[in-house]
Structures are given as structure tokens and as C-alpha cells.
Amino acid sequence: MSRADAVVLLLALAACEQKMRDQARLDPLEPAAFFADDMEARSLPPGVVPRGQARLDRHLWQGRTADNLFVATYPFTLTRADLARGEQRYAIHCTPCHGRLGAGDGVAVQRGYPAPLPFTTPRLQGAPVGHLFDVVTHGRATMPDYDHIDVHDRWRIVAWVQVLQLSQHAPAAVLGADDRMHLVEARR
Amino acid sequence: MAQLFRPSADRRVRLVLWGLPLGLTLAGVVGYYLASSDWSTGVGNPLAQPVPFSHDHHVGGLGLDCRYCHETVERAAFAGIPATETCMHCHAHLFADAPLLAAVRDSWAADRPIRWQRVHDLPDFVFFDHSIHVHAGVGCETCHGRVDRMPRIRQYADLSMKWCLECHRDPAPHLRPPEAVFVMGWQPDPHAPPVALDDAPHVSCSECHR
């Protein structure tokens, strides 16, 4: 075999190796033998705060005042877009248990998950938004925490919960003329 | 002087002359079909997973939104594989003793992630970004198929460059309105105007290769 033959043969073999397909870098969640636990995704060492990400705004991050009381206001001005986003995020994360209207009859509950209180429960109707935010963030009783949801989205979800509360408990007097007509027609 | 070649040498020369091009062509054809076969691309072949998770049950049956578990799909290149904690949201209470979920409970107790086997694995020289595609109106179903009917997740598209380019050259027929991106089994309204693109098709090499 001549040297040229050998080169051609080697090139042909090299083509089968696909080194570019799996390069010396890590994809998300790829096994990483470099670390003792074989995990690419590293968690932060305890106590570390990423630069510029200290959660100093208690109103935004904890829903509490400086006196540790639940706030009664939102940390930012809500727009119609925020409500739409809240509705969407509520549908993704909350409906499996709470149901579309917040009655506590979602698909998980229908299959035996302990039923949450309906949002129209008097105790929840009057709850400050800070309390609702706290429950979304840290969970409560059998509800797990949802602090992986973006903090602003958590407030928008709270806003949508308030929309659901209001929409099922609004006195007819506060409705606009059109809506009152619908109500009257629906009664007939 | 004696003859250098015997009469059979003619036959051998002919065999090589015909056989070489025929053999190379055959190898090329077989190679092409082999490389684009499901066996090679991984289409349709469910991998053995540590937990027999069923999208058919969770999406098709219960109606969970894709984003309950794949939560970074709208803001990152990687759609996200749910943490064990996400499974335990429900399974701390539902089917909490089911033998099928033993690996989930072990993972939760030992604080060790479940080792899911990756089904959709693009080569490292392709830089795919989920968030861009989702915001452009590419539905999950367009690339992943009817996930809500897959008791075991499997690859739907062959993920070849040819397949990518078929859509990149003329994306409009494949796009959906924003509210339909995460819907399975969506059918376009035959009377609706086609989705209008606000820029030219992205087909240069460096769109996907860097």
C-alpha cells in the first residue's frame, strides 16, 4: 500500500468519527465528568448572591413592608397587558389544581389531589395581595412553591386571581350599562 | 519471451473497470439511504427512560400546558427539562406509592436529578434556539409532532439540515398565530389570511452555524 493510499484510507475513517457533532463543550444538562457529581448544571454555593441580583426590594420579592406586614398594593403599575399575561400564566401553572375560575376543581383535584380553597372564600377575598404573592412564592399547606416563575409574572398571576375574585363577586351596581343588560338578558 | 498475462487477465481488467464505478455508486446509494434512514436519524425510536413518562397522559389526557414543565422554552435556547420537584408538585400526593414512580421518589429523596435520555439531540455545530422559534410562531407540534399522543416520547422530525431549510426558505405556511403555538392538533382557519412575515427568510450559513 502506497502512502497516498494510507492517507485516503485515514481520511475516510476520520470522516466517520463525527468529532464536530460532539464538541468539547457542554450542552445544558449534559453529563459532565469534570465534576464529581457528573452534573453540568451547577448550583450556586450557599450564600452567594449573583452580582446585581440582590433581592433588596422587599415589596417586589417578598410582598412585605419594612415592618414585615403583607403589602396591599402591587410593586408596579398594572396594565391591561399585565392582566393578559397573568391570565396566561395562571392558565399554565395554576389551572391544574385551582381550575379556570379558581373554584379549586382542577384536573389534579379531580384525580384526588387535596382540593384548595376557592378564591371566593371570604378569608381569601379580603386577603392583601402580599399574602397571595407569598402563597404563590412559598406554597402553603399541600400547595408547592412556585418561586421558579418570574417574579413579575407571579404578581401578574396574583392580579389575575383578584380578577377572578372580583368577577365572581361584583355587585351588579358597579357594572357598566352594557354588562348589566347582558345580566338581565341572561336572567330571562 | 513468455506471455506476461494469461487470457484470464482480460476478465479481471473488465471486472475492475465495471465493478469499481458500479461498486462506488452502490456504496453511495446505500450510504445515502442509510444516513437518512430512521435508524440513523433516530426518528420514531423511543429511548429507554428511567421513568416511563407519558406525554399522552399528561398533555393529551390531563391537558397540562407544555410550559408547566418546559418552562424556559419562551426565553432561552433550551426548552428546559423539569426538575424532579416539578414531578413532585403532583406526585407527592397523586400515585405517591406507585412502583412506576420509584425513580422519581428516589431522586427527590437523594437530591439527585433523574437521568433522562435525550431524544432530540442536534449536532454541536448547530445553534438552535427554542425561544426565537416559539416567538416567530413555530408551534411545538410543527417539529415535535403530536406529543399529546405519545405514550413514550420519540423523535418526530429527522432534524436534518434539509428539513430545517425546507421551512427556513418558506416559513409562512408553517407558522401559527401566537395563541396557537402551544396547541396540539391545531388546524389553520382556511379563511384566515396567511401569517405575514416581517423580515426575509433566514437562510445564510451563520444563522445556525457559528
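So the sequence lines, in the order shown, correspond to chains V and X.
Each residue of the first sequence is one higher than the one before, counting from -15 in the numbering used here.
Each residue of the second sequence is one higher than the one before, counting from 282 in the numbering used here.
Just so it is clear, CB atoms sit at the ideal spot from N, CA and C, and this is done for glycine as well.
field: Residue range of the alpha helix (DSSP H) that includes L116(V)
entry: Position 132 of the first sequence holds residue 116(V). Following the DSSP letters along the chain, one finds L116(V) inside the alpha helix (DSSP H) bounded by residues 113 to 122.
field: Per DSSP, the bridge partner or partners of T23(V)
entry: Against the first sequence, residue 23(V) aligns to sequence position 39. Correcting the residue type first, residue 23(V) is Met in the shown sequence and not Thr. According to DSSP, which records beta bridges pairwise, M23(V) is partnered with P15(V).
message: Can you find the residues in the same chain that come closer than 7 Å, C-beta to C-beta, to T104(V), ignoring five residues on each side of it along the sequence?
response: Residue numbering aside, residue 104(V) sits at position 120 when the first sequence is read from its first letter. Counting only Cβ-Cβ distances below 7 Å, and skipping sequence neighbours, we find Q149, Q152, H153.
Enclosing alpha helix (DSSP H) for V464(X) [first to last residue]: Taking the second sequence and counting its residues from 1, one reaches residue 464(X) at position 183. From DSSP, V464(X) is part of no alpha helix (DSSP H); its letter is neither H nor E.
- prompt: Can you tell me the Cα-Cα spacing of S441(X) and G86(V), whole angstroms?
  reply: As a first step, residue 441(X) must be located in the second sequence, where it is residue number 160. As a first step, residue 86(V) must be located in the first sequence, where it is residue number 102. It is roughly 45 Å from the alpha-carbon of S441(X) to the alpha-carbon of G86(V).
message: Strictly by DSSP, which residues pair up with M127(V)?
response: One-based indexing of the first sequence puts residue 127(V) at position 143. Note: M127(V) sits in a beta bridge opposite R124(V).
- prompt: Where does the unbroken alpha helix (DSSP H) through I413(X) begin, and where does it stop?
  reply: Start at 1 with the first residue of the second sequence, and residue 413(X) comes out as number 132. Counting along the chain, the alpha helix (DSSP H) containing I413(X) begins and ends at 411 to 417.
field: Neighbourhood of D66(V) by C-beta, 7 Å cutoff - its chain only, sequence neighbours within 5 removed
entry: Position 82 of the first sequence, counted from the first residue, corresponds to residue 66(V). Hits under 7 Å: R140, A143.
Every unbroken alpha helix (DSSP H) within the segment 366 to 407 of chain X, with a cutoff of 4 residues, ordered by chain: 383 to 391
message: So if DSSP puts F54(V) in a beta bridge, which residue, or which two residues, is it bridged to?
response: Mapped onto the first sequence, residue 54(V) falls at position 70. Bridge partners of F54(V): R48(V).
query: Going along the chain, which residues of its own chain have a beta-carbon closer than 7 Å to the beta-carbon of R430(X), five neighbours each way excluded?
result: By one-based count along the second sequence, residue 430(X) stands at place 149. Once the five neighbours on either side are set aside, the close Cβ partners of R430(X) are D337, G341.
field: Same chain, Cβ closer than 8 Å to M127(V), neighbours up to 5 away in sequence not counted
entry: Within the first sequence, numbered from 1, the residue matching residue 127(V) stands at position 143. Cβ neighbours of M127(V) beyond the five flanking positions: C81, P100, V119.
Start and end residues, alpha helix (DSSP H) containing Q72(V): For the purposes of this step, residue 72(V) is taken as residue 88 along the first sequence, with counting starting at 1. It spans 64 to 77 - the alpha helix (DSSP H) in which Q72(V) sits, taken as one unbroken run.
query: Would you say the beta carbon of V419(X) comes nearer than 7 Å to a heavy atom of the ligand SAM?
result: Questions concerning the ligand SAM fall outside what the structure shown contains, since it holds no ligand whatsoever.
- prompt: Exposed or buried, what is M4(V) when buried is set at 16 or more other beta-carbons lying within 10 Å of its beta-carbon?
  reply: By 1-based counting over the first sequence, the position of residue 4(V) is 20. Result: exposed.
message: If we define contact as Cβ-Cβ less than 8 Å, is G344(X) a contact residue for chain V?
response: For the purposes of this step, residue 344(X) is identified with residue 63 of the second sequence, where counting begins at 1. Closer than 8 Å: yes.
field: G96(V) vs A56(V) beta-carbon contact at 8 Å
entry: Here residue 96(V) refers to the residue found at position 112 when the first sequence is read from its first residue. Here residue 56(V) refers to the residue found at position 72 when the first sequence is read from its first residue. Going by C-beta atoms, G96(V) is not nearer than 8 Å to A56(V).
- prompt: Among the residues of its own chain, which have a CB less than 8 Å from the CB of W299(X), if the five just before and after it don't count?
  reply: Residue 299(X) sits at position 18 when you count from the first residue of the second sequence. Cβ within range, chain order: n/a, list empty.
- request: State the beta-bridge partners of L580(X) as determined by DSSP.
  value: Here chain X comprises residues numbered 282 to 491, so residue 580(X) is not present and cannot be evaluated.
query: How would you call F117(V), buried or exposed, if buried means at least 16 neighbouring beta carbons within 10 angstroms?
result: Along the first sequence, read from residue 1 onward, the residue named residue 117(V) stands at position 133. F117(V) should be labelled buried.
message: Using beta carbons (cut-off 8 Å, strictly below), is P34(V) in contact with chain X?
response: Taking the first residue of the first sequence as position 1, residue 34(V) is located at position 50. No, because no Cβ of chain X sits closer than 8 Å to the Cβ of P34(V).
message: Please return the same chain residues whose Cβ sits closer than 7 Å to the Cβ of L328(X), not counting the five positions on each side in sequence.
response: One-based indexing of the second sequence puts residue 328(X) at position 47. Setting aside the 5 residues that flank it on each side, L328(X) is surrounded in the same chain by Q398, V400, each with a C-beta closer than 7 Å to its C-beta; the list follows chain order.
message: One question on the structure: do R69(V) and D137(V) come within less than 8 Å of each other, judged by their Cβ atoms?
response: Residue mapping note: residue 69(V) aligns to position 85 of the first sequence, counting from 1. Residue mapping note: residue 137(V) aligns to position 153 of the first sequence, counting from 1. In contact: R69(V) and D137(V) (Cβ atoms closer than 8 Å).
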